[in-house]
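**Student:** Here it is, the structure in full.
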Amino acid sequence: MSLLELRNIYKIYGELHALDNVSLKVEKGEWVSIMGPSGSGKSTMMNIIGCMDKPTKGEVLLDGVDISKESAKNLTNVRRDKIGLIFQQFHLVNYLTALENVMLAQYYHSMPDEKEALEALDRVGLADRAKHLPSQLSGGEQQRVCVARALINYPEIILADEPTGNLDEANEAIVVDLFHKLHNEGTTLIVVTHDPEVAEVAQRTLVLRSGKLAKEVINENFTGQIKFDHE
Amino acid sequence: MKKRKMFLRMITASLMRRRSRMLVALLSIAIGATVLSGLVTIYYDVPRQMGAQFRNYGANMIFTAADEDFTYDDVEKGISQIDSGDIVGVAPYRYETVRIRETPVVAAGTNMEGAKATSPFWSVDGQWCSAPEEMLIGASIAEKYRLSVGDTVEVTYTPEEEAEDGEVTVDNFILFTVTGILDTGGSEEDYIYMSLDDLETLTGTGGNIDVAELSISASADALTSYMNKINQNVGAVNARLVKRVTASETTVLSKLQALVLLVTVVVLALTMICVATTMTAVVAERRKEIGLRKAIGASDKSIITEFMGESMLLGLLGGIIGSVLGFIFAQQVSINVFSSSISFRPLLVPVTILVSIAVTGLSSLMPVRSATDVDPALVLKGE
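Just so you know, the protein sequences line up as chains A and B, in that order. For what it's worth, the working numbering labels the leading residue of the first sequence as 21, then goes sequentially. For what it's worth, the working numbering labels the leading residue of the second sequence as -2, then goes sequentially.
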């Protein structure tokens, strides 16, 4: 059984078919990139996988359970328990420290645990920045806090939306490096990106065009090794 | 870490680290709480303050004899039934017909300090008399006898006892100095005023008085209960209220209190609108944060709880500040309007804080509720 399966998904807004009969499977521990130009349906797909939207038609199976007909409230619970989100704009709560931002995810999930949150920050190399506010962190550091927040509750899937879109090359490398680490630890990664360099480090790249799955590229050279060398 | 601890940590962080934003909200809440607690303090203090003002209109209770004998001791028994703090002044009066230049005049013996307190509207040209053999004379008397301040005049009294065995009745007389001329616009101008002791010396009889005027600072109800208590417990005294004064006091007071109440209600309504507007703005600018919280798994309920927690904490702070400033505000108003200080009401502190929390909470409930409609997908993509 696949961890995530989309079966004949349609998302229709009036005349517009944002997603038009899309089917795909993501296995546990897999690293998948989703690419496509603007208006190709990337965001819509992201919202559906991230349990923030429902398809007009079709089934979304997460761990074998169809979540496509769930209420908004239940979707919130699924999102909280199974999905870790990483955003292009980082979206940290600006009046909470790095540590508190990570603990916020714990707070909604179960119990805040300062020690565990610190460990998560340590994993992204920010243990010494734990008490800093987002405004005192660089873009790359903020994104790493966002990664720590996404992984703190051991989600089934980490869903990243243009995670490197606002980062410079050096920070992009650090984040991709983190993805490698996560992947090696068995985390399932779905990364939506414009950047072919980021896309092609994944095991598989799906290309969307006009709401349809246009191309699927298996990365033959995928080694699971760190590709960027930012040292 | 307990969830509650994290909750408190979040809401305090939101207030402390977003100081400039929160200061505006806090200011509007604190001003509202200040005006509210100030006006309520004034509302409750108005009767006391105005009671003191009304004492300018003179006595509001009269003691007369219940039977033949009525002495100053009886008056003191009556006074003992009244809270000493409420008594503004007591003036006993004894009236006798005396003669000046062989024409009859009514002389009133009284206690000058008491008369001054019970009749503050009396206007004296010259000085109140303070020593023996000094007197005040009414303006009509002064005109009739062409007397002015500093003049001396002989006052004669003929004792009532029948002359026995054909003895000639001897007139008593005292030479008085006029210290002041009394101008009241009323019948007092036809009298002469001297101390009770002088009148007793002049007449050669002492003890009895005719009437005592009391000025008491109390509400109409309290006055009635004092009156009943005195009539019940002090047999020699017949106490009654000066209706003309007490009734008008009650009318003016109730109108004034109604006015202050109206202003308080209007201000409270305006404050609520102001706080609601501020809270709406505070919530609106945090839509993205709400979207983010929802995206990482916050339920609507926990978002409402967090925002309500924040606004109630703001309400608490605003209420505390308002209680302090409100008292200062009421004090200033009292000093400027009534020229007296105001009494602190401890109960008003928790009431102000609770009202402030309730108003802030209620006025944030609506914008927070609508904020939970934010689509969590809002935070994806560069919106």
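Beta carbons are placed, not taken as given, at the ideal position from N, Cα and C, and that holds for glycine.
Any contact of the stretch 61 to 75 of chain A with the stretch 245 to 255 of chain B, i.e. 3+ C-beta pairs under 8 Å?
**Tutor:** No, they do not touch.
**Student:** Tell me the start and end of each unbroken beta strand (DSSP E) in the stretch 187 to 222 of chain A that is at least 3 residues and wholly inside, in chain order.
**Tutor:** Segments of the beta strand (DSSP E) lying fully in the stretch 187 to 222 of chain A: 208 to 212.
**Student:** Decide if the stretch 93 to 108 of chain A is in contact with the stretch 179 to 197 of chain A; the criterion is three or more beta carbon pairs, one per stretch, under 8 Å apart.
**Tutor:** Verdict: yes, contact present.
**Student:** Within a Cβ cutoff of 6 Å, which residues of the same chain sit near residue 379 of chain B, ignoring the five residues on either side of it in sequence?
**Tutor:** Its pLDDT being 49, under 50, residue 379 of chain B is placed unreliably in this model, and the coordinates cannot settle the point.
**Student:** Answer yes if the stretch 154 to 170 of chain A comes into contact with the stretch 109 to 122 of chain A, meaning at least three C-beta pairs across the two stretches below 8 Å, and no otherwise.
**Tutor:** Cβ pair count under 8 Å is three or more, so yes.
**Student:** Alpha carbon to alpha carbon, how far is residue 138 of chain B from residue 253 of chain B?
**Tutor:** The straight-line gap from Cα to Cα measures roughly 41 Å.
**Student:** Work out the CA separation of residue 289 of chain B and residue 366 of chain B for me, nearest whole Å.
**Tutor:** Distance between the alpha carbons of residue 366 of chain B and residue 289 of chain B: 16 Å.
**Student:** Within the 9 Å Cβ cut-off, does residue 80 of chain A reach chain B?
**Tutor:** False, the Cβ-Cβ gap to chain B never drops below 9 Å.
**Student:** Counting only Cβ pairs nearer than 8 Å, list the residues of chain B close to residue 93 of chain A.
**Tutor:** Those are 296, 297, listed as they occur along chain B.
**Student:** Anything in chain B within Cβ reach of residue 73 of chain A, meaning under 8 Å, just list it in chain order.
**Tutor:** Ordered by position in chain B, the residues that pass the 8 Å Cβ test against residue 73 of chain A are 374.
**Student:** According to DSSP, residue 37 of chain A sits in a beta bridge with which residue or residues?
**Tutor:** Residue 37 of chain A pairs with A:32.
**Student:** Taking DSSP as the reference, what is the three-state secondary structure of residue 232 of chain A?
**Tutor:** Looking at residue 232 of chain A - three-state DSSP - the assignment turns out to be strand.
**Student:** With three or more C-beta pairs closer than 8 Å as the rule, is the stretch 13 to 29 of chain B touching the stretch 67 to 84 of chain B?
**Tutor:** Taking 8 Å as the limit for Cβ pairs, the verdict is that the stretch 13 to 29 of chain B does not touch the stretch 67 to 84 of chain B.
**Student:** With DSSP as the reference, identify every bridge partner of residue 192 of chain B, one or two as the case may be.
**Tutor:** Answer is B:107, bridged to residue 192 of chain B.
**Student:** Along chain A, in chain order, which residues have C-beta atoms closer than 9 Å to that of residue 10 of chain B?
**Tutor:** Within chain A, the residues near residue 10 of chain B are 113, 115, 116, 117, 120.
**Student:** Examine chain A for any beta-carbon lying closer than 9 Å to the beta-carbon of residue 282 of chain B, and answer yes or no.
**Tutor:** No - not a single Cβ of chain A is within 9 Å of the one on residue 282 of chain B.
**Student:** Okay, do the stretch 89 to 99 of chain A and the stretch 57 to 64 of chain A touch, 3+ Cβ pairs below 8 Å being the bar?
**Tutor:** Verdict: no, contact absent.
**Student:** Return the CA-CA distance between residue 373 of chain B and residue 111 of chain A, expressed in angstroms with no decimal places.
**Tutor:** Those two C-alpha atoms are separated by around 12 Å.
**Student:** Please report the residue range of the alpha helix (DSSP H) in which residue 140 of chain A lies.
**Tutor:** Residues 134 to 143.
**Student:** Could you confirm whether any beta carbon from chain A is found closer than 9 Å to the beta carbon of residue 301 of chain B?
**Tutor:** So no, residue 301 of chain B is outside the interface.
**Student:** What is the rounded straight-line gap between the Cα of residue 193 of chain A and the Cα of residue 306 of chain B?
**Tutor:** Going by the C-alpha atoms only, they are around 41 Å apart.
**Student:** Please determine, among B:351, B:32, B:142, B:29, the residue with the shortest C-alpha to C-alpha distance to residue 101 of chain B.
**Tutor:** Ranking the options by Cα distance to residue 101 of chain B, first place goes to B:142.
**Student:** Any heavy atom of the ligand FMN closer than 8 Å to the CB of residue 317 of chain B?
**Tutor:** As presented, the structure is devoid of all ligands, the ligand FMN included, so that no description of it is given.
**Student:** When we look at the beta-carbon of residue 98 of chain B and count the other beta-carbons within 10 Å, is it buried (16 or more) or exposed?
**Tutor:** Exposed, because fewer than 16 other Cβ atoms sit within 10 Å of the Cβ of residue 98 of chain B.
**Student:** Would residue 4 of chain B count as contacting chain A if we go by Cβ distances under 9 Å?
**Tutor:** Yes, residue 4 of chain B counts as interfacial toward chain A.
**Student:** For residue 40 of chain A versus residue 294 of chain B, is the C-beta spacing smaller than 9 Å?
**Tutor:** No, they are not a contact pair.
**Student:** Name the two residues that bound the continuous beta strand (DSSP E) containing residue 121 of chain B.
**Tutor:** Residue 121 of chain B -> beta strand (DSSP E) spans 120 to 123.
**Student:** Could you have a look at residue 371 of chain B and say whether DSSP puts it in helix, strand or coil?
**Tutor:** Here residue 371 of chain B sits in coil by DSSP.
**Student:** Taking only beta-carbon atoms, is residue 379 of chain B less than 9 Å away from chain A?
**Tutor:** Because the pLDDT of residue 379 of chain B is 49, which lies under 50, any placement of that residue in the model is unreliable, and the question is left without a value.
**Student:** What span of residues does the alpha helix (DSSP H) with residue 136 of chain B cover, start to end?
**Tutor:** 136 to 142 is the span of the alpha helix (DSSP H), which, as asked, contains residue 136 of chain B.
**Student:** Can you tell me which of the three DSSP states residue 74 of chain A falls into?
**Tutor:** If DSSP states are grouped into helix, strand and coil, residue 74 of chain A belongs with coil.
**Student:** Please report the straight-line C-alpha distance between residue 233 of chain A and residue 28 of chain A, rounded to a whole angstrom.
**Tutor:** If you take the alpha carbons of residue 233 of chain A and residue 28 of chain A, they lie about 11 Å apart.
**Student:** Beta carbon of residue 218 of chain A, beta carbon of residue 200 of chain A: below 9 Å?
**Tutor:** Against a cut-off of 9 Å, the Cβ pair of residue 200 of chain A and residue 218 of chain A comes out as no contact.
**Student:** For residue 292 of chain B, decide whether its Cβ has a neighbour in chain A, counting only Cβ atoms nearer than 9 Å.
**Tutor:** Chain A contact via Cβ: present.
**Student:** Does residue 147 of chain A come within less than 9 Å of chain B when only Cβ atoms are used?
**Tutor:** Chain B contact via Cβ: absent.
**Student:** Looking at residue 214 of chain A and residue 66 of chain A, is the spacing between their C-beta atoms short of 9 Å?
**Tutor:** No, the Cβ-Cβ distance between residue 66 of chain A and residue 214 of chain A is not below 9 Å.
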